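Numbering-wise, the sequence shown is residues 37 to 235 according to my numbering.
A virtual CB, placed ideally from N, CA and C, is assigned to each residue, including glycine.
No experiment lies behind these values; they were computed from the predicted model shown.
What follows is a set of notes on a single structure, which appears directly below.
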Amino acid sequence: MLFADLACFFFLPMEIAVQWDECGISNTASRWMVFVFPLFAIFFALYPKNNTRTSQWIRLILILVLFGCEWMVLLNGLGFLNLAVMDFRFVRAVLFLAAGGLLIFFGNRLPKYTKNFYTGVKTPWAYANDDLWIKTQRFAGKIWVVSGFVIILLLFVPFFKAVDTVVLFVLLTAFYLPRIYSKKLWEQSSKGQGDSPSL
């Protein structure tokens, strides 16, 4: 990624497009911004230092996403690709499928994770004991799978403006609901006594 940036940098205009919407270019930045992609890739490659297979796959996926975004920005800046005329309904469909598919995949994986500090839904209350960890992961797995299917089904809803808001709500629910559930479980198990555990 760094070599690609260095090879293309001096052929890019001083200002490049970095964000698009249905109306065309919505945001620009200095051409120096392209070096952000390899910096983030290096961060994902080196941290956290966890050698589990799941962690490696997650980091690889993030780096590949950065790689794809970098090349779209570079090709658009060099004039080989015009993202301003792209059909964003297709882009939205791809994003919905990707987000829904990832939620379904990792939702099925969550109940299989043993207690650790790298993968799974990591709440302070889930670390209190193994039983709370297992129950939190099982509940979160169900929520993530359902959320993934909901996001994919939203592709077939015609009112696109409202869909974006619904997808954001679904993602926030998938993130926060397992945390609320985990805290409730901990409160029930400890009968509301003592302070909340901390990592």
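Bridge-paired residues (DSSP) for residue i
i   : result
A53 : T64
Residue burial classification, residue i (beta-carbon count within 10 angstroms, cutoff 16)
i    : result
V181 : buried
D13  : The shown model of the chain, from 37 to 235, leaves out residue 13, and the question about it has no answer.
P74  : buried
D167 : exposed
A43  : exposed
W68  : exposed
W56  : buried
W93  : exposed
L204 : exposed
Close Cβ partners of residue i (< 6 Å) along its chain, the five nearest in sequence each way excluded
i    : result
G136 : G184, I187 and I188
L191 : A129 and F132
Within 8 Å, strictly: CB atoms of residue i and residue j
i    : j    : result
Y154 : Q173 : no
K178 : L221 : no
M37  : F103 : yes
V157 : L139 : no
I97  : A77  : no
S218 : T159 : yes
V206 : V199 : no
Close-in-space but distant-in-sequence residues of the same chain around residue i (CB under 8 Å, 5 per side omitted)
i    : result
Y95  : For the record, residue 95 in the displayed sequence is Arg; it is not Tyr. For R95, where only same-chain residues beyond five positions count, the Cβ hits under 8 Å are F80 and A81.
T209 : I179 and S183
N144 : G177 and V181
M108 : L117 and L119
D51  : A quick correction: the sequence has Glu, not Asp, at residue 51. These residues qualify, in order along the chain: T64, A65, S66 and R67.
P49  : R67 and G113
E106 : M37, A40, D41, V70, F73 and P74
G228 : The predicted position of G228 is uncertain, since its pLDDT is 49 and thus under 50; a value taken from the coordinates is nonetheless stated next. Hits under 8 Å: none found.
Inter-residue CB distance, residue i and residue j (contact presumed, cutoff 8 Å)
i    : j   : result
V72  : F45 : About 13 Å separates the two Cβ atoms, so there is no contact after all.
L111 : F47 : That pair is no contact at about 11 Å.
Sequence-distant residues of the same chain with beta carbon closer than 7 Å to residue i, five excluded per side
i    : result
L213 : I179
F142 : W180
F175 : P214 and Y217
V202 : L190
N165 : none
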